[in-house]
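There are 2 protein chains.
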Amino acid sequence: MYGLIGNIQAQPGQGAALSAILLQGLANLPGCLSYIVARDPADPDVLWVTEVWDSQASHRAALALPVVQAAIVQGRPLIARFGERHETEPLGGSGLGGAR
Amino acid sequence: MYGLIGNIQAQPGQGAALSAILLQGLANLPGCLSYIVARDPADPDVLWVTEVWDSQASHRAALALPVVQAAIVQGRPLIARFGERHETEPLGGSGLGGAR
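So the protein lines, in turn, are chains A and B.
Mapping of the first sequence onto our numbering: position 60 corresponds to residue 1120, and the numbering continues sequentially without gaps.
Mapping of the second sequence onto our numbering: position 62 corresponds to residue 1122, and the numbering continues sequentially without gaps.
Here it is in structure tokens:
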């Protein structure tokens, strides 16, 4: 499995709009086992996106899908900056689609 | 929903043992919508644990369960230190048990 933990700082006041874009249509892509958008309780313009894919190849392939490309085009103007980003190797747990 | 993103540094060489303890029995607790243990691809002794609960109260209640207390007792000696820890407010996504 291939995982990502990423932090995104939205433009001021744009956290809700950005999270809506990130959630719309991106949650059930091929090979995606978990995709969760969360916000910082202290700052609604700071988002955390955690992802688990069956492979890095599936993640790469998803980036080329029209729905993902559209989200990137829509979301990019709402992003102030990307914060920390960690690649991970998920080992297991619950909430991993049908792959547990 | 209530989320946690946490980083744990295991004692040298103990990452696999610690992740096994973290996964054993902890993945399907009441109110737990997602619980994923991952490791740093560059250092198998660095773990990331991402969690989503239906509420903070469910997370607190889980800490008192015997299976969780046993895991804490087993796992603590294998932990060198806790790294960053972020509370989050999950907004949605996939891989959230029955709560989507």
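Even glycine gets a Cβ: it sits at the ideal position worked out from N, Cα and C.
*chain A within 7 angstroms of residue 1091 of chain B, Cβ atoms only*: Taking the second sequence and counting its residues from 1, one reaches residue 1091 of chain B at position 31. Interface residue (Cβ-Cβ distance to chain A less than 7 angstroms): residue 1091 of chain B is not classified as such.
*For residue 1115 of chain A, which residues from the same chain have a beta carbon less than 7 angstroms from its beta carbon, with the 5 sequence-adjacent residues on both sides left out?*
Here residue 1115 of chain A is taken as the residue at index 55 of the first sequence, counted from 1. When the five nearest sequence neighbours on each side are left out, the beta carbons in the same chain lying within less than 7 angstroms of the beta carbon of residue 1115 of chain A are those of 1062 and 1091, in order along the chain.
*Examine the Cβ distances between the stretch 1127-1135 of chain A and the stretch 1069-1079 of chain B and report whether three or more of them are shorter than 8 angstroms.*
Too few Cβ pairs lie closer than 8 angstroms, so no.
_Per DSSP, what are the beta-bridge partners of residue 1152 of chain A in this structure?_
For the purposes of this step, residue 1152 of chain A is taken as residue 92 along the first sequence, with counting starting at 1. Answer is B/1097.
*Between A/1154, A/1117, A/1105 and A/1149, which lies nearest to residue 1142 of chain A when the distance is taken from Cα to Cα?*
Locating residue 1142 of chain A in the first sequence gives position 82, where the first residue counts as 1. Of the candidates A/1154, A/1117, A/1105 and A/1149, the one whose C-alpha sits nearest the C-alpha of residue 1142 of chain A is A/1105.
*Can you name the residues of chain B whose CB is closer than 7 angstroms to the CB of residue 1108 of chain A?*
By one-based count along the first sequence, residue 1108 of chain A stands at place 48. Within chain B, the residues 1065, 1146 and 1148 have their CB atoms less than 7 angstroms from the CB of residue 1108 of chain A, given in chain order.
_Proximity of residue 1156 of chain B and residue 1094 of chain B at Cβ, strictly below 7 angstroms_ = In the second sequence, the residue the question calls residue 1156 of chain B occupies position 96. In the second sequence, the residue the question calls residue 1094 of chain B occupies position 34. Their beta carbons are under 7 angstroms apart, which means residue 1156 of chain B touches residue 1094 of chain B by this criterion.
*Report yes if the CB atom of residue 1079 of chain A is closer than 7 angstroms to the CB atom of residue 1151 of chain B, and no otherwise.*
If you number the first sequence from 1, residue 1079 of chain A lands on position 19. If you number the second sequence from 1, residue 1151 of chain B lands on position 91. Yes.
_Neighbourhood of residue 1085 of chain A by C-beta distance below 6 angstroms, restricted to the same chain and skipping five residues each side_ = For this step, residue 1085 of chain A is matched to residue 25 along the first sequence. Correct list, in chain order: 1127.
*Exposed or buried, residue 1136 of chain A, counting other C-beta atoms within 10 Å across all chains shown (16 or more means buried)?*
Mapped onto the first sequence, residue 1136 of chain A falls at position 76. Classification of residue 1136 of chain A: exposed, given that the 10 Å Cβ count is below 16.
_Looking at the strands, I want to know which residues DSSP matches up with residue 1139 of chain B._
Stepping through the second sequence from its first residue, residue 1139 of chain B is reached at position 79. Residue 1139 of chain B is bridged by DSSP to B/1070.
*Exposed or buried, what is residue 1111 of chain B when buried is set at 16 or more other beta-carbons lying within 10 Å of its beta-carbon?*
Taking the first residue of the second sequence as 1, we reach residue 1111 of chain B at position 51. Residue burial annotation: residue 1111 of chain B is buried, with at least 16 other C-beta atoms found within 10 angstroms of its C-beta.
*Go ahead and pull the three-state DSSP assignment for residue 1078 of chain A.*
On the first sequence, position 18 is the one that residue 1078 of chain A refers to. Reduced to three states, the DSSP call for residue 1078 of chain A is helix.
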